[in-house]
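Below is one structure, written out as structure tokens; the observations come after it.
Numbering (my numbering), first residue to last: 128 to 526.
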């Protein structure tokens, strides 16, 4: 059995080394993208922002959208209920002097898709005829002023089907649960990069040319789905188009969370992943199971076995190498994010300790998530309970 452990340990060390190399590539990609000249491709764009309830910092998030450094764009707010508490806040912005570039859409209640997808499908029907680019943003995202220009710029290349950013959790009042959520999320964020074939769309910050959206019948293909971004990713890849990750479109998400909220969020994300991208779920299951089993066995050997035996020295070496590669990866990733979210330097520096310690716990959470989702395809999302029957069929259980 010890030889099986040695083989698995070697695989983990190799994966850790490759992950470290990925961290170097991630940082270098950020530097290259940020060094590019500012894009002059600025067609009329439509930002579609679905809302439900009052997220932390919602007013500042909306203001960040309105203050984009971009010549011509409209902003469509979309909710599904006229009694939604977010509506009062939105209406305040509708009365500003520039309100002609803003619309408020009340979407119908979803009957066969997630409510977010239904909101997006309805909002598409209300865009200006001259709009050339559709941009989607989540209510908890707070983009910087160049977010829209940066997200739209790469679409000048007709081989690019869509552009995407991603979220970075940075709570105003961090807790252990929100820090763990941040490192859990960060490991996914750093899987995006220069490989346009493996990149995926994130619905909280993504853009697509209207011509591509219409040609690929995205609105029609969204019908019956729960996940807008996984569905868009699949369609874009099937069409042979690229997905360009835009570091400047990395957006801060400020919400804190408790441990129950952490568990609900991470499990929900993994359930969606299992249904819409099973290969990614399998990779997460294998990777987290490998990490947890090897690290636990290595710790046990070091602590319980007779000293000065080959097994102890090999186990100790494994623990040291995996720790070095993992901490280095976390540091490189944080350095990359600092290049984009420099206005939040103090908050990001506060994350340094958590990012370089909680990497040891995050795989345990991933493993638990991956195991639990084997037994259920139902999720609770913004007060609605859904069952994901397949990638094209969603049952609404309760509203």
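Glycine included, every Cβ here is placed at the ideal spot set by N, Cα and C.
Self-check item: C-alpha distance - residue 532 paired with residue 489, whole-angstrom precision
Solution: Because residue 532 is not part of the residues shown, which for the chain are 128 to 526, the question remains open.
Practice problem: Give every residue of the same chain whose Cβ lies closer than 7 Å to the Cβ of residue 474, excluding the five residues on either side of it in the sequence, and list them in chain order. | Solution: 297
Quiz prompt | Buried versus exposed call for residue 503 [16 or more other C-beta atoms within 10 Å across all chains shown] | solution = exposed
Self-check item: Close-in-space but distant-in-sequence residues of the same chain around residue 438 (CB under 7 Å, 5 per side omitted)
Solution: 129, 428 and 432
Quiz item: With a Cβ-Cβ cutoff of 8 Å, do residue 332 and residue 378 count as a contact?
Solution: yes
Exercise. If I'm right that residue 380 touches residue 305 with Cβ under 8 Å, what's the distance once you round it to whole angstroms?
Key: No, residue 380 and residue 305 are not in contact; Cβ-Cβ is about 10 Å, not under 8 Å.
Quiz item: Would you say residue 176 and residue 138 are within 8 Å of each other, going by their C-beta atoms?
Solution: no
Quiz prompt | Three-pair Cβ contact test at 8 Å for the stretch 413 to 422 versus the stretch 490 to 502 | solution = yes
Quiz item: Given residue 248, which residues of its chain have a CB within under 6 Å of its CB, disregarding the five upstream and five downstream residues?
Solution: 346 and 349
Practice problem: Thinking residue 217 and residue 192 are a contact (beta carbons under 8 Å), I'd like their distance in whole angstroms, please. | Solution: With 8 Å as the limit, residue 217 and residue 192 do not qualify as a contact, their Cβ atoms being about 11 Å apart.
Quiz item: On the three-state DSSP scale, how would you describe residue 301?
Solution: coil
Quiz prompt | Bounding residues of the beta strand (DSSP E) (the contiguous stretch that carries residue 189) | solution = No beta strand (DSSP E) holds residue 189; the alpha helix (DSSP H) holding it covers 185 to 193.
Practice problem: Check residue 422 in the structure and name its three-state DSSP category. | Solution: helix
Quiz prompt | Cβ pair residue 291, residue 362 closer than 8 Å | solution = no
Quiz item: Alpha carbon to alpha carbon, what distance is there between residue 295 and residue 471?
Solution: 11 Å
Exercise. Could you pull out every residue in the same chain whose Cβ sits closer than 6 Å to the Cβ of residue 309, ignoring the five residues on either side in sequence?
Key: 296
Quiz prompt | Reduced DSSP category for residue 145 - H, G, I as helix; E, B as strand; rest coil | solution = helix
Quiz item: So residue 474 is in the alpha helix (DSSP H); what residue range does that whole segment cover?
Solution: 472 to 482
Quiz item: Would residue 411 pass as a contact of residue 497 if the rule is Cβ separation under 8 Å?
Solution: yes
Quiz item: Short check: CB of residue 255 to CB of residue 171, under 8 Å?
Solution: yes
Practice problem: Helix, strand or coil for residue 239, going by three-state DSSP, please let me know. | Solution: coil
Quiz item: When you compare only the Cα positions, how much space is there between residue 434 and residue 448?
Solution: 20 Å
Practice problem: Measure the Cβ-Cβ separation of residue 330 and residue 520 and say whether it is below 8 Å. | Solution: no
Exercise. Pick out the complete alpha helix (DSSP H) segments inside the stretch 292 to 346, 4 residues or longer, and give them in chain order.
Key: 303 to 316 and 337 to 342
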